[in-house]
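Here's the structure we're looking at; comments come further down.
Numbering (this note's numbering), first residue to last: 271 to 788.
Right, here's the structure in full:
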């Protein structure tokens, strides 16, 4: 308890040590994540070379499918022994930070690295970004176990590791830091911002030392969409919002379907997507892996029927690949799906609505941000991510319009953010290791009061606080207030609570409702 109390009353003096530890996290994550990124690049090259060889030498096809089946079984064995490596890893990271799960970080790190590499080598439609975030969080968890002074500090380090993982995977340090605030913590705190930003910048520097400073996407952008054509952006945003809602619904349904198939178990479930990858590798290889090959097809001269075919097959393959529980992310594949929708929309705009053909690639960039926002429900991250990935800052207004419209439409369709849906699914599913009751260990919770929250402008005595927690301090600007029953709560206050470890999750949920705007 003393460690948690010191973490509260000496917060300012401890900011620099946390920052130093975050830099160490960023350096470590940058090295490991860059190695993972490099390994997956080689695995993707191997996948395309393998299927090209098989198309030229069909006699080896049976042997290749036997190898794919064995690989699928082995990765399934990994997921059965290390259940936290299933899927992207982002819901797992959120669950650990929120107190729902605990994890064997070293085993998860090694198994995720191996499983993700084999999945990409086989050609599954998965990305590296979610796993990179989880690998970063695992490394940070290991460092936090050794160097962290409190549970709160360990959580900050884990968020810093996640931020660093995304930064190194995408060469996007700002998006990495914002992702930690917008998606993982869902509130702003100076120490969290400093820590995540420091880790992301260091990891990005390491990544750029290895892969160079070029942006991930290279599009020939020659101008901006004229204001007279902005009505097309509202229309595209609506289409992307509906498409994102469909993506989320189908993905969650696919996950549940895989679990209900009676003749598939944890170890055999992944054989199906591995064999499907083999079939597609022979007849339609463009949809394999994350989707870099699809980018080459997104040209002004590509016919709309071909783009629709790519969209349909890539969408279906992505659902099966991820829905099976294979270790891999949805970040890059969903961006590729968004880019394909943008290419279709751009072709229609230039052919039917008189838009300058040179603006074709603008629609691709805007659609990626809109589709990401509709699915993940993190618009700021989506906008910044596309700015950093393309190296262009000239689309801020159009990116914002498309993202906001996509967000609103997806929300109106009652579509839940994908990572929150996955986390709820994980919590409801049996077999996930959770924290045992512990009434001796104490933890501190930091909550920020939003404008319009139920707690705003109320006295502490009038708040329906959980019986399992105690408000021990209020940070208001640079001043720390010792609270009493008649203390008024203002918007922007940082409330610090003390609770039992076993009550952390329940207390956080209740306090979140009191401090968040409806």
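In this text, a Cβ means the ideal position worked out from N, Cα and C, and glycines have one as well.
Predicted, not measured: the structure shown is a model, and the values here were computed from it.
Listed as beta-bridge partners of residue 743 by DSSP are 766. For residue 749, the enclosing beta strand (DSSP E) has its first and last residue at 749–751. Assigned with DSSP and collapsed to three states, residue 774 falls in helix. Separation of residue 407 and residue 652 (C-alpha to C-alpha, rounded to the nearest whole angstrom) is 21 Å.
Assigned with DSSP and collapsed to three states, residue 371 falls in strand.
Beta-bridge partners of residue 714 (DSSP): 768.
Short of 7 Å from the beta carbon of residue 536, and not among the five residues preceding or following it, lie these beta carbons of its own chain, in chain order: 346, 349 and 350.
Note on geometry: alpha-carbon atoms of residue 549 and residue 540 lie some 15 Å from one another.
Where residue 698 is concerned, the enclosing alpha helix (DSSP H) starts and stops at 688–698.
When DSSP assignments are scanned along the stretch 357–428, the uninterrupted stretches of alpha helix (DSSP H) that are 4 or more residues long and fall wholly within it turn out to be 360–368, 375–392 and 399–417. Secondary structure note for residue 452: it is in no alpha helix (DSSP H), with a DSSP letter that is neither H nor E. If you draw a straight line from the Cα of residue 737 to the Cα of residue 755, it is about 15 Å long.
Looking from the CA of residue 389, the closest CA among 718, 459 and 355 belongs to 355. The residues 550, 554 and 557, in chain order, have a CB closer than 8 Å to that of residue 583 in the same chain once the five nearest residues on each side in sequence are set aside. If you draw a 10 Å sphere on the C-beta of residue 752, you find fewer than 16 other C-beta atoms in it, and that means exposed. Residue pairing by DSSP puts residue 599 in a beta bridge opposite 397. Cβ atoms of residue 491 and residue 641 stay farther apart than 8 Å, at about 19 Å. Here residue 567 carries a coil assignment [DSSP, helix/strand/coil]. A straight line joining the alpha-carbon of residue 616 with that of residue 695 spans about 36 Å.
DSSP places residue 506 inside the alpha helix (DSSP H), whose first and last residues are 500–530. The residue from 731, 742 and 786 with its alpha-carbon nearest to that of residue 722 is 786. Selection 764, 488, 449 and 530 evaluated against residue 648 yields 449 as nearest (Cα-Cα). With contacts defined by Cβ atoms closer than 7 Å, residue 473 and residue 661 do not form a contacting pair.
Annotation for residue 585: 607 place their beta carbon closer than 7 Å to its own, counting only its chain and skipping 5 residues before and after.
Here residue 758 carries a strand assignment [DSSP, helix/strand/coil]. Using a Cβ distance threshold of 7 Å, residue 587 and residue 338 do not count as a contacting pair.
Rounded to the nearest whole angstrom, the CA to CA distance from residue 654 to residue 394 is 27 Å. In the DSSP annotation of this structure, the continuous segment of the alpha helix (DSSP H) that includes residue 460 starts and ends at 460–481.
A straight-line Cα-Cα distance of about 7 Å links residue 664 and residue 494. Here the stretch 422–437 makes no contact with the stretch 378–385; the two share fewer than three CB pairs at distances below 8 Å. Exclusion of the five residues before and after residue 619 leaves 502, 625 and 633 as the residues of its chain whose Cβ lies within less than 7 Å of its Cβ. Here residue 401 is buried, its C-beta having at least 16 other C-beta atoms within 10 Å. Contact annotation: the stretch 727–734 touches the stretch 756–764, with at least three C-beta pairs closer than 8 Å.
7 Å or more divides the Cβ of residue 638 from the Cβ of residue 669. Contact between residue 438 and residue 659 fails: their C-beta atoms lie close to 13 Å from each other, not under 8 Å.
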